[in-house]
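Everything below concerns the one structure shown next.
Okay, structure coming up:
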């Protein structure tokens, strides 16, 4: 019974060989990218996460169009959650913008590390615009897995297909979550809202490779209720900078000691 | 049940752009323009990543501690219990995100059913 799940997680990537005629046009490459969303468990994680974001947007009194625009134009789960939660709890635009931009800094090194995988000597910067926009943690992880199996001159088209597929999955999930939150009983509505903290907590914990990441996650959770008592309006920033800096201190201390 | 409009007002969309889209996209576009000379393992980026992780952790805590909408109908003990149960299963299953999420949800729903 578990076979489909384990094979999904461990299956070798099913793409044609590098010299196959299946790579002859950018459209075929786009199609292979689109099809690749079925090759990763992260697609289901994204669906569940964006189901939760749709429900959260509904219960924080944002419109469906607003939720869909946030997915399309922000395209970063953590930033969307931070934006909805801070605006929903009465933060000012400036306070929300600061919290969002700090959470988004991590996109910079991701874009910097992923674009060279698609670049050829003749690639123009504007050709990489959509690939940069689509870069978020899921695409970043999948690019490192899939792109070595894609001919270099077809990689941008492949990433466009993969990104288009993932965005479509998330927009669908937003709509489903939004309408479920509007129409379900209170208990099931609560269950969908609970998906967001659970899926983010566990996917962040899973991505934590170093001790500093784990310390930042644990302290960030524990310090928030303390910071919230200050009622400063920037509680999230206070607990985040404090916990993150302590985590960095732990990293620094281990490096020096090593 | 809350009443929410499918379209909403333009003011909210403008806020989305100013507080969400611009502060987020600026980093992607900087990566596109100035990428190349940045060391992914630099100390500044280690600190930035730690702060970003802690901010996300704070938001996770905020949703559980000060729950929005329907989640506020779930008693404190069930919300905290669901996260604890999910975390325990996540760790026991060698970091399976799915097992953790399902366990947390089952704990919350079973608790709601049991408490009536």
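Protein chains in written order, with the working numbering: chain A, 1 to 258; chain B, 1001 to 1116. Even glycine gets a Cβ: it sits at the ideal position worked out from N, Cα and C. This one's a predicted model, so the numbers in the text were calculated from it and none came from an experiment.
The beta carbon of residue 51 of chain A lies closer than 7 Å to those of 173, 176, 177, 192 and 195 in the same chain, with the five residues before and after it left out. Neighbours of residue 1094 of chain B in chain A, taken as residues whose beta carbon is under 7 Å from its own, are absent, since the nearest beta carbon is some 10 Å off. Using a C-beta cut-off of 8 Å, the region 1073-1082 of chain B makes no contact with the region 241-253 of chain A, since fewer than three inter-stretch Cβ pairs fall below that distance. In this structure, B:1043 is the residue among B:1009, B:1116 and B:1043 with its C-alpha nearest to the C-alpha of residue 255 of chain A.
Those residues of the region 1095-1107 of chain B placed with their C-beta closer than 7 Å to a C-beta in chain A are 1095, 1097, 1100, 1101, 1104 and 1105, ordered along the chain. Around residue 179 of chain A, the same chain offers no residue with a beta carbon nearer than 6 Å, after the five sequence neighbours per side are excluded. Restricting attention to A:138, A:158 and A:145, the CA atom closest to the CA of residue 169 of chain A is found in A:138. Among the residues of chain B, those whose CB is under 7 Å from the CB of residue 74 of chain A are 1020, 1021 and 1024, following chain order.
Between the C-alpha atoms of residue 26 of chain A and residue 134 of chain A there is a straight-line separation of about 18 Å. Annotation: residue 61 of chain A is outside any alpha helix (DSSP H) and is labelled neither H nor E by DSSP. For residue 102 of chain A, the enclosing alpha helix (DSSP H) begins and ends at 93-104.
In this structure, DSSP gives residue 53 of chain A a helical state, which the three-state scheme calls helix.
Burial is judged here by how many other beta carbons sit within 10 angstroms of a residue's own beta carbon; residue 75 of chain A has at least 16 and is buried.
Within the same chain, no residue comes within 7 Å of residue 126 of chain A by CB-CB distance, once the 5 residues on both sides are set aside. Three or more beta-carbon pairs separated by less than 8 Å link the region 28-45 of chain A to the region 154-162 of chain A, which places the two stretches in contact.
With a beta-carbon spacing of about 5 Å, residue 104 of chain A and residue 79 of chain A fall inside the 8 Å limit used to define contacts.
The contact set of residue 1027 of chain B on chain A, defined by CB atoms closer than 7 Å, consists of 104, 105, 107 and 108 in chain order. Interface criterion not met: the Cβ of residue 177 of chain A is under 8 Å from no Cβ in chain B. For residue 21 of chain A, there is no enclosing alpha helix (DSSP H), since its DSSP letter is neither H nor E.
The alpha carbon of residue 141 of chain A has as its nearest neighbour, out of A:65, A:218 and A:114, the alpha carbon of A:114.
The three-state reading of DSSP puts residue 252 of chain A in helix, counting H, G and I together.
In the DSSP annotation of this structure, the continuous segment of the alpha helix (DSSP H) that includes residue 1104 of chain B starts and ends at 1097-1115. Taking a Cβ-Cβ threshold of 8 Å, none of the residues of chain A is close to residue 1114 of chain B; the smallest such distance is about 12 Å.
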